[in-house]
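The structure appears right after this line, and notes come after that.
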Ligand code: COA
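Numbering (my numbering), first residue to last: 25 to 274.
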C-alpha cells in the first residue's frame, strides 16, 4: 500500500492527492494530518502559489472513515484532533485552493470544497452530505458557508435533507466552476491553478483576504459544529447508522 496522501510540488503548484481508492478515499486520521500538513507548510514556501486538491478517478472522497466515527463514538466522543487540524488549515489557508472532483464527494468530501476558491468537477461527480441521516450535524463550517453560497433552501436540501447534487446542480448552486468529462478534470484544474499562480501574488493575497473575511468567524463555526457533532456521535441514532453502513450487504 502506497502513501494515503500524495503531495507533489510542480513549480508553483502543490497537488495534495487523497490516495485510498479501495475505500473510495474515506479519510483516516493519518490522512487528515497529512493533508493539514501539506496545506500548513505551503504557507512557509512563498514559491507555492496555489494548492490543488485531488482524489482518485473513481472517487474524490467518501468522507470520514465510518469505522473511525465508531471509534470516536465509543471513546471520549471527541472529534479527532487531526480532523480539526485539517478544518482549521482550510479555514486559515492563505494559498488559493483549487479542487479537481471525480466521482463521489461525500461528507467532508463535499464540505471541504466550500473552502476552495475554484472547483472543477467531472460530469460524473456527485456531491452528498448525509450528516443528518447518519444522526450527525453538518461540519467544516458548512452550516455557515453553504447557505451563503447557495441560499438557505438549497443548503437545507443538501445539508439537512441529504439530497445529493449532480455536477450540473452543483454548478448551478455555485459549488462548481467548470464541468468537464472525467478524463479532462485534472488538466482543467491544473490549468486554473496555473492561471492563479501566474497572477501577482500580493494582489491575489489581498483580494482573497477581502473576499473571505475574517477566518476567525469560520473557525468559531467549526468549533460550534464540532461541539454538537461530539454529542451526536454518541447518540443511538448515529451508532445504528454507522453499524448499518458497515454491515450492509452489497
Ligand atoms: N468509511 C469507511 N469505509 C468506507 C467509506 C467510509 N466513509 N466509504 C466507503 N467505504 C468502503 C466500503 O465499506 C467498501 O469497503 P469494502 O470493499 O471493504 O466493503 C469500499 O469502501 C468501497 O465502497 P462501496 O460502497 O462498495 O463503493 P461504491 O462506489 O458502491 O459507493 C460511496 C461509494 C462513497 C457512495 C459509498 O461507499 C458511501 O456511501 N460511503 C459512505 C459515505 C458516508 O456516509 N460518509 C460519511 C459522511 S459524514
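Just so you know, even glycine gets a beta-carbon here, dropped at the ideal spot from N, CA and C.
Per DSSP, cross-strand counterpart(s) of residue i
| i | result |
| --- | --- |
| residue 151 | 129, 189 |
| residue 77 | 40, 123 |
| residue 30 | 41 |
Opening and closing residue of the alpha helix (DSSP H) in which residue i lies
| i | result |
| --- | --- |
| residue 52 | Note, residue 52: premise wrong, no alpha helix (DSSP H); not H, not E. |
| residue 227 | 225 to 236 |
| residue 243 | 239 to 257 |
| residue 109 | 105 to 116 |
| residue 197 | Looking at the DSSP string, residue 197 is not in any alpha helix (DSSP H), and its letter there is neither H nor E. |
| residue 270 | 260 to 271 |
8 Å CB neighbourhood of residue i in its chain, flanking five on each side removed
| i | result |
| --- | --- |
| residue 138 | 164, 165, 166, 169, 170, 173, 199 |
| residue 264 | 159 |
Which of helix, strand or coil DSSP assigns to residue i
| i | result |
| --- | --- |
| residue 208 | helix |
| residue 161 | coil |
| residue 202 | strand |
| residue 184 | coil |
| residue 86 | coil |
| residue 137 | helix |
| residue 213 | helix |
| residue 176 | helix |
| residue 72 | coil |
| residue 102 | coil |
| residue 67 | coil |
| residue 222 | coil |
| residue 35 | coil |
Residue range of the unbroken beta strand (DSSP E) whose run includes residue i
| i | result |
| --- | --- |
| residue 144 | 142 to 146 |
Close-in-space but distant-in-sequence residues of the same chain around residue i (CB under 6 Å, 5 per side omitted)
| i | result |
| --- | --- |
| residue 157 | 186 |
| residue 266 | 90, 93, 94 |
| residue 110 | 56, 59, 60 |
| residue 19 | Since the first residue shown for the chain is 25 and the last is 274, residue 19 is missing from the structure and cannot be characterised. |
Own chain, CB closer than 7 Å to residue i, minus 5 neighbours either side, in chain order
| i | result |
| --- | --- |
| residue 190 | 150 |
| residue 36 | 71, 72, 73, 74, 221 |
| residue 262 | 97, 158, 159, 160, 256 |
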